[in-house]
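Engineer:
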Amino acid sequence: MSTSNSVVLLTGAASGIGAATARAFVDDGWTVYATDVRAEFPADIRERCRCLELDVTDEAQIEAVVDQVIEETGRLDCLVNNAGYGVAGPVEDIASDDVREQFDVLVHGPHRLAQAVLPEMREHGGRIITVSSVLGHTASPGLGAYSAGKAAVESLTDALRIEIAGEDDIHVSLVEPAWVDTGFADSALGSLNDEDRTPTYNRTYEALEDGWVLTGGPLATTPEAVAATVLAAATDDPPKARYPVGKFATFVRWTHWLPARLQDPIHRGFGRASSFLGRWLR
1 MSTSNSVVLL TGAASGIGAA TARAFVDDGW TVYATDVRAE FPADIRERCR
51 CLELDVTDEA QIEAVVDQVI EETGRLDCLV NNAGYGVAGP VEDIASDDVR
101 EQFDVLVHGP HRLAQAVLPE MREHGGRIIT VSSVLGHTAS PGLGAYSAGK
151 AAVESLTDAL RIEIAGEDDI HVSLVEPAWV DTGFADSALG SLNDEDRTPT
201 YNRTYEALED GWVLTGGPLA TTPEAVAATV LAAATDDPPK ARYPVGKFAT
251 FVRWTHWLPA RLQDPIHRGF GRASSFLGRW LR
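Counting with full-length UniProt numbering, you get residues 1 to 282 for the letters of the sequence shown.
1. Measuring CB to CB, does arginine 127 end up less than 7 Å from alanine 228?
2. Suppose only complete runs of 4+ residues qualify. What are the alpha helix (DSSP H) ranges in the stretch 219-246, listed by chain order?
3. In the DSSP assignment, the alpha helix (DSSP H) including leucine 208 goes from what residue to what residue?
4. What are the residues that DSSP puts in a beta bridge with tyrosine 33?
5. State the DSSP-derived secondary structure class of leucine 277, mapped to helix, strand or coil.
6. At the level of alpha carbons, what is the spacing between alanine 152 and alanine 43?
7. Pairing CB atoms from the stretch 186-202 with CB atoms from the stretch 158-174, are three or more of them under 8 Å?
8. Which word fits glutamate 206, buried or exposed, when buried means at least 16 other C-beta atoms lie within 10 angstroms of its C-beta?
9. Buried or exposed: where does histidine 124 fall if 16 or more other Cβ atoms within 10 Å of its Cβ makes it buried?
10. Short of 8 Å in beta carbon distance, which residues of its chain neighbour glutamate 167, apart from the five on each side in sequence? Order them along the chain.
11. What would DSSP say about glycine 16, mapped onto helix, strand or coil?
12. How about glycine 84 and valine 66: are their beta carbons less than 7 Å apart?
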């Protein structure tokens with residue numbers, strides 16, 4: 001795919017993976033529309049990209065932003081769904097409203113955006129890339145709600161890819177990192193319920209607060225590595241359906257094929273080991 005004069009619309013671009021991805025696309029010669037729910041972008045992103053406020057739960061705002069991109073450039077070659085955040089805690093203890101709000105961003109947001117961009121892409125071709133997670137295949141204790149949201153958007157994306165398979169100029173891909181060195185962990189920890197914790201899950205809470213369950217420690221990859229993978233999904237000819245980011249993400253993804261009796265001890269054991277290491281390294 002030629003990137004000359006190509007246009008990408010990127011959500012969740014104010015920090016972390018999104019900001020790194022915006023830089024990668026600009027460096028490759030794309031016109032980048034960087035969006036975020038709060039239009040507080042790093043100076044270099046603001047200088048090099050066209051920055052807009054976009055709440056992916058707001059259908060009217062999505063339509064307005066997509067219309068603006070097409071009106072200003074006459075095209076939209078790529079949509080990157082990156083906006084997201086994590087709600088942490090055992091499934092029994094998480095508030096239903098928190099789960100619902102997270103699903104609205106992780107699942108309904110990409111759905112709304114696909115509906116908004118597909119009419120234009122049907123005319124001129126394009127790519128839809130969703131930044132998912134290997135947790136969409138292999139759930140982690142204490143991150144059940146986040147894993148569920150990623151599993152749902154994976155299924156939604158797979159269905160879309162199959163449904164438009166006959167349209168040669170539209171391609172749909174998933175990018176699947178494991179841990180990434182961003183502010184995700186801090187945000188997820190901020191969502192933990194400090195009261196009314198079910199004692200049964202004390203070890204799960206300890207692993208979340210003390211260990212590498214959220215950060216991945218030395219196993220975490222960089223936002224730039226994820227950004228390079230997103231750019232590959234936008235430019236490969238033909239693109240793949242899935243792009244795991246790094247060897248560890250590939251390993252975690254393929255544990256999905258193990259029987260549950262083997263999977264479950266792996267994930268329980270990692271939580272306990274990470275809690276111990278987190279305390280030891282303090």
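The beta-carbon is built from N, C-alpha and C at its ideal position, and this holds for glycine as well.
Structural biologist: Reading from the atomic positions:
1. no
2. 223-235
3. 202-210
4. Leu9 and Arg50
5. Only weak support exists for where leucine 277 lies, its pLDDT of 43 falling under 50; the value from the coordinates is given anyway. Leucine 277: helix per DSSP, three-state reduction.
6. 34 Å
7. no
8. Under this definition glutamate 206 is a buried residue.
9. Flag for histidine 124 reads exposed.
10. Arg122
11. The answer is helix: DSSP assigns glycine 16 an H, G or I state.
12. no
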